[in-house]
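In our numbering, the protein residues as written are 1362 to 1564. Every residue gets a Cβ at the ideal spot worked out from N, C-alpha and C, and that includes glycine. Contents: one structure, followed by commentary.
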């Protein structure tokens, strides 16, 4: 009887935790949509945000990654969808697993943004594509924002793919959206985060 009660309590606890996590992601998306309304350069206005859609929150895609810094990395020009380039430096590599399959992504810092404002010295940029790109999600890849403040003493950092989002180029032309480098093309499907935009726009 005690064992049965313990198992039941564990199930309830797990379900509660999952619901709490799901609610936190939904709240994050609520603020994400609101930023489109308040951001001056936003490609979306008013009712456009109703066409934004996302995968159902899934804690499986919130992973702990091992960070290996690359302080010797030199600045380079990352191409964008407009044909222009932006200056970035590789901050390090992130090693993690999804479904017991090892994955590696490179994470970057924007030299251009750091020159404009020192607050960006803590900002880490993680662009990637995966098996859903052009098949449910934007073909030009998706982005995740991280912070050096979130790096632990053990050189680990959480990557939450449920928070990955589309670049502005997914909604309209006229933006300089960095193209994820070849090294950041995941072969697996990341069925988390933002889906392809639902409203057709002219190229």
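Check                                                                                                                                                                                : Outcome
Report the option in 1410, 1494, 1523 and 1509 whose CA atom is closest to the CA atom of residue 1452.                                                                              : 1509
Going along the chain, which residues of its own chain have a beta-carbon closer than 6 Å to the beta-carbon of residue 1555, five neighbours each way excluded?                     : 1415, 1526 and 1527
Is residue 1526 helix, strand or coil by DSSP?                                                                                                                                       : strand
So, under 8 Å CB-CB, residue 1497 and residue 1557 are touching, yes? Tell me the CB distance rounded to an integer number of Å.                                                     : 6 Å
Leaving aside the five residues before and after residue 1516 along the sequence, list all residues of the same chain whose C-beta is less than 8 Å from its C-beta, in chain order. : 1427, 1428, 1429 and 1430
Are residue 1422 and residue 1511 touching if we call contact CB-CB under 9 Å?                                                                                                       : no
Please name the residue, chosen from 1393, 1513, 1413 and 1384, that lies closest to residue 1506 on a Cα-to-Cα basis.                                                               : 1393
Are the region 1393 to 1403 and the region 1479 to 1494 touching, with three or more C-beta to C-beta distances below 8 Å?                                                           : no
Using the rule of at least 16 other Cβ atoms within 10 Å of the residue's Cβ for burial, across every protein chain shown, is residue 1543 buried or exposed?                        : exposed
Determine which residues share a DSSP beta bridge with residue 1458 and list them.                                                                                                   : 1463
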